[in-house]
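Colleague: Protein chains in written order, with my numbering: chain W, 1030 to 1477; chain H, 1030 to 1477; chain P, 42 to 525; chain R, 42 to 525.
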Amino acid sequence: MRYLPLTSEEKQEMLKTLGIESVQELFEDIPGDMRLKEDLDLPKGLSEAELVRHFHELAEKNANLTSNVSFLGAGSYDHLIPSIIKHIVGRGEFLTAYTPYQAEISQGVLQSIFEYQTLIAEITGMEAANASMYDGASALAEACLMACAATRREVVVLPRNLHPEWEQVVRTYLENQNVSITYLAFDPKTGIIDLPSLENIDWDEVACAVVQQPNFFGLMENIKPVKKLVQEHGGLLVMAVDPISLGLLKSPGELGADIVVGDGQSLGNSMGFGGPSLGFFATRGNKLIRRMPGRVVGETVDEDGRRGFVLTLQTREQHIRREKATSNICSNQALNATISAIYLSVLGKKGFSDVAHQSLQKAHYLKQRLLQIPGLSSPFSAPSFKEFVIKGAVNWEEINLRLLDQGFLGGLSLARYGLYDLVLFSVTEARTKEEMDNFVNVLGGLVG
Amino acid sequence: MRYLPLTSEEKQEMLKTLGIESVQELFEDIPGDMRLKEDLDLPKGLSEAELVRHFHELAEKNANLTSNVSFLGAGSYDHLIPSIIKHIVGRGEFLTAYTPYQAEISQGVLQSIFEYQTLIAEITGMEAANASMYDGASALAEACLMACAATRREVVVLPRNLHPEWEQVVRTYLENQNVSITYLAFDPKTGIIDLPSLENIDWDEVACAVVQQPNFFGLMENIKPVKKLVQEHGGLLVMAVDPISLGLLKSPGELGADIVVGDGQSLGNSMGFGGPSLGFFATRGNKLIRRMPGRVVGETVDEDGRRGFVLTLQTREQHIRREKATSNICSNQALNATISAIYLSVLGKKGFSDVAHQSLQKAHYLKQRLLQIPGLSSPFSAPSFKEFVIKGAVNWEEINLRLLDQGFLGGLSLARYGLYDLVLFSVTEARTKEEMDNFVNVLGGLVG
Amino acid sequence: MINKTIPLIFERSTPGRLGYQLPNLDVPEIPVSELIPEEYLRVEEPELPEVSELEVVRHYTQLSRINYAVDVGFYPLGSCTMKYNPRVHEDLAALPGFANIHPYQPESSVQGALELMYNLGKHLATISGLEATTLQPAAGAHGELAGLMVIKAYHTHRGDGQRTEIIIPDSAHGTNPASCAMVGYNVVEVPSNERGAVDVEVLKGLVGPKTAGLMLTNPNTLGLFDENIADIAEIVHDAGGLLYYDGANANAILGIVRPGDMGFDVVHYNLHKTFSTPHGGGGPGAGPIVVSEELAQFLPGPVVHKDAGCYCFSMPEHSVGRICSFYGNFLVYLKAYAYILSHGSDGLRAVSETAVLHANYMMRSLQEYYHLPYDRICMHEFVLSGKWQREYGVRTLDIAKRLLDYGYHAPTVYFPLNVEEAIMIEPTETEPKSTMDEFIEVMRKIAKEAKDNPELLTSAPQNTPLKRLDEATAARKPILRWSK
Amino acid sequence: MINKTIPLIFERSTPGRLGYQLPNLDVPEIPVSELIPEEYLRVEEPELPEVSELEVVRHYTQLSRINYAVDVGFYPLGSCTMKYNPRVHEDLAALPGFANIHPYQPESSVQGALELMYNLGKHLATISGLEATTLQPAAGAHGELAGLMVIKAYHTHRGDGQRTEIIIPDSAHGTNPASCAMVGYNVVEVPSNERGAVDVEVLKGLVGPKTAGLMLTNPNTLGLFDENIADIAEIVHDAGGLLYYDGANANAILGIVRPGDMGFDVVHYNLHKTFSTPHGGGGPGAGPIVVSEELAQFLPGPVVHKDAGCYCFSMPEHSVGRICSFYGNFLVYLKAYAYILSHGSDGLRAVSETAVLHANYMMRSLQEYYHLPYDRICMHEFVLSGKWQREYGVRTLDIAKRLLDYGYHAPTVYFPLNVEEAIMIEPTETEPKSTMDEFIEVMRKIAKEAKDNPELLTSAPQNTPLKRLDEATAARKPILRWSK
Ligand SMILES: Cc1ncc(COP(=O)(O)O)c(C=O)c1O
Ligand SMILES: Cc1ncc(COP(=O)(O)O)c(C=O)c1O
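1. Taking a cut of 7 Å between CB atoms, which residues from the stretch 390-411 of chain P lie near chain R?
2. In its own chain, which residues sit with a C-beta less than 7 Å from the C-beta of H/Asn1136, not counting the 5 before and 5 after it?
3. Can you tell me which residues fall inside 6 Å of ligand 2, judged by beta-carbon distance to its nearest heavy atom, and keep chain order?
4. Would you grab the beta carbon distance between R/Ser169 and R/Arg299 for me? Rounded to a whole angstrom, and I think it's under 8 Å.
5. Less than 8 Å separating the beta-carbons of P/Leu458 and P/Pro502?
6. Taking Cβ-Cβ distances below 7 Å as the criterion, which residues of the stretch 1106-1123 of chain W are in contact with chain R?
7. So, with DSSP's three-state summary, where would you put R/Met42?
8. Any heavy atom of ligand 1 closer than 7 Å to the CB of P/His313?
9. State the beta-bridge partners of W/Arg1336 as determined by DSSP.
10. In this structure, does DSSP put W/Lys1379 in helix, strand or coil?
11. Under a Cβ-count criterion, where at least 16 other Cβ atoms within 10 Å of its own Cβ denotes burial, should R/Glu206 be classed as buried or exposed?
12. H/Glu1458 and H/Ser1369: beta carbons closer than 8 Å?
13. How many whole angstroms separate the CB atoms of H/Val1267 and H/Cys1173, which I take to be in contact at a CB cut-off of 8 Å?
14. Would you verify that the beta carbon of R/Val151 is, or is not, closer than 8 Å to some beta carbon of chain W?
15. With distances taken between CB atoms, is the gap from W/Asn1429 to P/Pro144 smaller than 8 Å?
16. Is P/Ala110 closer than 8 Å to W/Gly1119 when the C-beta atoms are compared?
17. Quick one: is P/Asn370 near chain W, going by C-beta distance under 8 Å?
18. Name the chain R residues that come within less than 8 Å of H/Ile1325, Cβ to Cβ?
19. List the whole-angstrom C-beta distance separating R/Val277 from R/Val248, where the pair is believed to meet the contact cut-off of C-beta under 8 Å.
20. What's the gap between the Cα of P/Glu335 and the Cα of P/Lys347?
21. With DSSP collapsed to three states, give me the class of W/Phe1084.
22. What residues are listed by DSSP as bridge partners for H/Pro1188?
23. Around the Cβ of H/Ser1299, are there at least 16 other Cβ atoms within 10 angstroms (buried) or fewer (exposed)?
24. Exposed or buried, what is R/Ile50 when buried is set at 16 or more other beta-carbons lying within 10 Å of its beta-carbon?
25. Just checking my contact of H/Tyr1202 with P/Ser93 at CB under 8 Å: how many whole Å lie between their CB atoms?
26. Would P/Ile132 and H/Ser1112 be called neighbours here (beta carbons separated by less than 8 Å)?
27. Are the CB atoms of W/Gly1165 and W/Val1290 nearer to each other than 8 Å?
28. Could you give the distance in angstroms between the alpha-carbon of H/Gly1303 and the alpha-carbon of W/Leu1432?
29. Could you name the residues of the same chain whose beta carbon sits closer than 8 Å to that of W/Tyr1449, not counting the 5 residues immediately before and after it, in chain order?
30. On the DSSP letters alone, give me the boundaries of the beta strand (DSSP E) that H/Phe1310 sits inside.
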């Protein structure tokens, strides 16, 4: 086996050192009747060439976004990814390193993560960010739990126009800790949070209110009223944001959020059928910072006074605090965080704002073009960013299958969430006018 | 421009330092009437995304060997390439290093090349190898020139069953130095060098005789008679070999060759439409070694007595010797040499011999199967290795176009060399029985 | 180099410098203010660095060159299974058919991905001796969370609502109790006996109507196989609890014994340990869980099933819900699938046999030099104690730091908590004997240095990019970001 | 790390260890002796290392970490144009449609590759102001060889067989005379005048009926533009000779002046310099040549032409022949094509303008510290002399080695030959000003060190993986390979 270096001579030598005859003797602690009598029922081992062939066959059964033009979004986006990223994170020193517990030989990873934390803090306008969470949805769940712990309250307010799957994740986490959820309706005309519904809530019990910006429908929420109510009553404002939108939109920091989370996939990570991505998590104020879940890197000096970085505030973590830790998270998504750090660095101020700007422009171009197709309309009136919902009385799932035959991945049918006539389109800077024009033509033919 | 970091402020600062107003002043030495008055007639610069798209479009106009099953060889082979190779040589330290003139900070490249030289010496059975040449054909040309210089003679003997393009390259090089070429016929029955034709040569004038092993037709030459004649008369035996065959066949060293060259593409380099590959070059004896063209790495020690490596024997080279250098070669194919070193290292003794063995077995399997197709026959009787010639009175170029429609790249039609009914097939360990069986079926249908 | 400190990327910034270029906008541009009301727009620009592509490449290349990794050297980090990460897996994960597919494509357009998930789930079930897999969890701790939720849902579903306790050995990894807290369970600690295993007698006294389950690694964090596992399982099951297997140590038992056969009901695997997906400097990992037939209905979803030759997603009937968006770390567990296929059943068994042989070889080669608290056969790892060295004023941390000077990563130290000055070593099966022998020699040398020249250890490391870092100040006055 | 020497891969070998595995043979196996007579078969097994995949990866990773490169730091290596190598080019070259195509496929099945070659040839012709390109040459020296063959063929074709001399300035790169020798030409050296340019008066006396041509770089190897180029061209042409342009220094003139307009008949470009294909530790490069319409018929081939919308290969009518197998370094010049497309005409001009600005800025910033033999505007590079430092017992080599201590690659030294203690610096356009400023500061510091503490230089480098290496012994008693 190419990954097992042990030769039979070496094996004999080791057995001799141990004074035993066979490796089986090393397993004597395992009760004999438990031990497997026969081989595991698995396929025979493959050579590298056979393995590659098998994976090629599987990969070819998937319609990919290199060959197809996609308008899918809803949490996973095909923004352009600068080529250098994979070359850098493909270096063995990033790819095959462990968590940087031995700081003296792990400055590469530590500094990258410190830079990542700074970048996230900058784009969100917050004071500090952690070293990453699993994904945006679980980061949001952890934010809610943190808000409960910080406020010693047990009610979380979620809007109905939060990404349905994020809502489900939050629910799973909260239910298990007996935190209850109060829902905010959205206004069916505007698509954003229904302001009157804010009145029905007993804010004194609320640990936090969550707002997604832009919301699941791609629409811009009006943050102020929620912020005011929740914070006035001692609760926290948690914002879940599309990081790309922060190249254009007011930062959560400017808006007064207490905790900001989001999914970092669009910051240079490939879609990869949904993972791995990363959740980012930022907050402010010493009190909240010390309650943050997850790993954090801090700056310090070595014995010679040279700047260096270490994992810090570890007393929040499970290694030391065990069941009293702020979270159970241990391995996070460090390599994806590194990817996002590289992404933000290479894009820089201008690139970051360009991506937001072009996504906005192109999304609006497509929206206008689609609305010219008879039978299609815009159900929501609030301003949108790079995603938008279209209404049309057709079976969008069927339409999508027919689009696929022509090399298009259409928008996400919201039928799966009970919103039958609606479809959610996403447009990034990666789409060209030509692709959109062709798409409109083809879709027009199918819908008409 | 993303590759040009200069900002306009910095430009101004620099201009100020120089005491000039505009960059144009720096070009005043160039006569004004020569200077371009308008922009070069080139397309507008592309962003990374546009560039990638353009290249994808071009790439898709090529039928590649990932999607098609190929039986082409004749100097470029699709042997399996272990995945690790590209990951290693993709590291910036190998990819973006210059020639290792500053040895103290270039030990990585120097040691890799030293190992490469050793590996080539080992497989060829020679004493020393250089750090690589452009390709096998030019290495052979240089070997002939070196033989002329070493023997002070001006006749080179080439066999007619040498790869026709290698023969052309050698001819180009030799003609320019007024070295004359004498050709050895091959026996039309066996396909190998015609022994009686050896008698017609005035060996006392011959600087070297070249033998390709296996020859262009994939056949095993009988080296002894040539070796005896050329060396007895003070000439040198030059062998051009397929390195993969050396996992099975007697090494040129064992056979008594003076200089060995070959193309190293099959040692882990992708085909890449023919390049870059590398030429390897090995020889023996102090006298010949000091006449070798090209760079060489040697072992030495540093001031603390630690082992290290340096470019050595540089007095042979053009930096120092200028027109008296053994060759004009300067940049070589260092990264390809590194690739080949990794290939030979990871394959090791067993892998190297397995590749040769499986190629042999599979080639003979296909040959037997093809010979069962009515109308096809074997024109040559000498034993073959991984390539073989088939005879069949059809238009092989047309057949190949039809094979391509079914996903096959058929053998090389030798019509281009005036051998009309012949086609040269190559089979490596990468081919599967299933692929070959399918190919035989399809070809049988086309030929029948 | 004379100056080894690498500036922060922000410190390399120059106003106006560009690192990336978008294509020109090819649609008619509309003034932003017509699309988005002014009050929504950002005023304060974020302080992103302005650097050229070269500067970015060089920055990260330089950073990487002061970082250790498996590709650089030996990593005897107990509990972490830092084995070789086959490079070909990176190629496979980068195929557009995997890397560039969207989670919401029509199922018919991602049958290859679903087939892979289905097969991997089956293989993990085979390896664990259990029934049903979910690939959702993103890491081991996430798997624990998922598994404990499943256990909770099981009890709740049976109307057995008063079970609020999970029993955990004192040697357990910190994530075990932390995960319990995350699902609202109370932790009851069971001590280890003199053989380093669960004290069965004490356990008997701890179980009862409040027992929701027991979490165990076996081999445990001492690298020892708990021989009483059958009794333990019986005790817990008889009390109405379930058994959770923390698979972080599964590298010892592949193809040798299955958690299901030991009596476990739920298992998580750390694919980034046992199944060799690279650690990436701290993640991403993947921590799928496999459960018994009875528990399958509670799994977090979606999971993949096969239906008339087609693969499709579904939510288990009484699923605890989603625990992350989409389908977990697909491009990570894809590599574990490749790993399983490359090895096959023979290969996986050889992995564990070799890992265990290596660990015992190393343990025996070191036990004269370092205190061995549990002198018995170990599994894939073993725990030494630095307590002999303490008499020279040397702590385990110093031994660890001295190893850095010799070009090795340090072992896991001060874990498990029930061994003083713990040094936990896991050689893994992918290290050649020569590397292990060199490491053994250095460890012996360090033991001698501790005696003869303890300064060498207490002042270590000296040959690393930086010397010992001041962690106390970092935590007291946290600087968690660069500021202009 | 305490021990920095990395063993040879052979020294890591253990009998029986495997690093790669083929699929099992799936055809019926025939005894080898039935296929190949015994006497052809190898007896002595080559001493290939027997190592695992991990050992190979770690070996080369470790080696790479003791190697300098553009990705690691600044490379002010005059004449070598060590600019940034865009990483995306590696992706493009790795596309199966390029990396995995066979040179003998039917032309109809490689139209994309041929189109690329055709376009690149056209673009290079545009840039050079000449007519026809061949992409065959594998490097600059190979281009010289090809170009000189073309010149020779031209004269021969005209029946002008007595032209046996090529005139070359004393400042020329060593490959120029060496290439002349390779095509049987005699070299006649023309000296440089006090401005570092060709001494026109001397040249007039050198040309004659034996003159086949003149080889020149312009800007020359001193980084100076030869203002008399029009006169030079006229003199050579009038004498019946042709002008060869060594394009190694073309980074100064892209989009500013074209060799064809200067009067050159043949040009080679070092794509691995000017057009940014990576150097790979010494190659592969690519050295295409471009020639005037009249010379096109003599080009080495095959070349690509376009015929009714299709691209196909052909041999120029009176081609000198092939100079390498297949079509040259396809995957290398492909990157140059990408480079040209990324930059466009504006971008290329900006490349040269910036390169020249950078060089002048650096030259002026250093001229008070190091002797500047030719005090005039330079182009993309400039040559200093270490002669001021000699009075402190310091040689240029010591300055170079001291730079290594500071984490920089050294400039080109002792070239060109007509400047004593030459230090040739080329900053390139891709370096940020901050890097140049840091380098300038270090160069100044070293000048001071040379005076105050020459030992620091003569004993340098001290902070590199190895100290100065004994080159003399290496050459006297060459050890060119490991032996068992
Ligand atoms: C025994 C044990 N359990 C659980 C974990 C947690 O796994 P993860 O870091 O993947 O969340 C670890 C990781 O170190 C471990 O060693
Ligand atoms: C001026 C000059 N001419 C020619 C060459 C030779 O080019 P190559 O190394 O590509 O053969 C060089 C390379 O250093 C050079 O600087």
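For glycine and all other residues, C-beta sits at the position ideal for the given N, C-alpha and C.
Modeller: So, from the listed chains and residues:
1. none
2. It should be noted that the sequence gives Gln, not Asn, for residue 1136 of chain H. Answer for H/Gln1136: Gly1337, Phe1338, listed in chain order.
3. H/Cys1359, H/Ser1360, R/Ser120, R/Cys121, R/Ala180, R/Gly181, R/Ala182, R/His214, R/Thr216, R/Thr258, R/Thr262, R/Asp287, R/Ala289, R/Asn311, R/Gly326, R/Gly328
4. 6 Å
5. In this structure, P/Pro502 does not lie closer than 8 Å to P/Leu458 by Cβ.
6. Within the stretch 1106-1123 of chain W, the qualifying residues are Ser1112, Ile1113, His1116, Gly1121.
7. Below a pLDDT of 50, predicted positions are generally treated as unreliable, and R/Met42, at 47, falls in that range; no measurement from the model is reported.
8. yes
9. W/Val1330
10. helix
11. For R/Glu206, the number of other beta carbons within 10 angstroms of its own is at least 16, and it is reported as buried.
12. no
13. About 7 Å separates the two Cβ atoms, so the contact holds.
14. It does not: the Cβ of R/Val151 has no partner Cβ on chain W nearer than 8 Å.
15. no
16. Contact flag unset, no.
17. yes
18. Here residue 1325 of chain H is Val; the residue named in the question, Ile, does not match the sequence. Those within 8 Å of H/Val1325 in chain R are Pro519, Leu521.
19. 6 Å
20. 19 Å
21. helix
22. H/Leu1213
23. buried
24. buried
25. Contact between H/Tyr1202 and P/Ser93 fails: their C-beta atoms lie close to 43 Å from each other, not under 8 Å.
26. Correcting the residue type first, residue 132 of chain P is Asp in the shown sequence and not Ile. Cβ atoms of P/Asp132 and H/Ser1112: closer than 8 Å.
27. For W/Gly1165 and W/Val1290, yes; Cβs fall inside 8 Å.
28. Near 40 Å, if we compare the C-alpha coordinates of W/Leu1432 and H/Gly1303.
29. Leu1443
30. Under the DSSP assignment, H/Phe1310 falls in the beta strand (DSSP E) whose first and last residues are 1308-1312.
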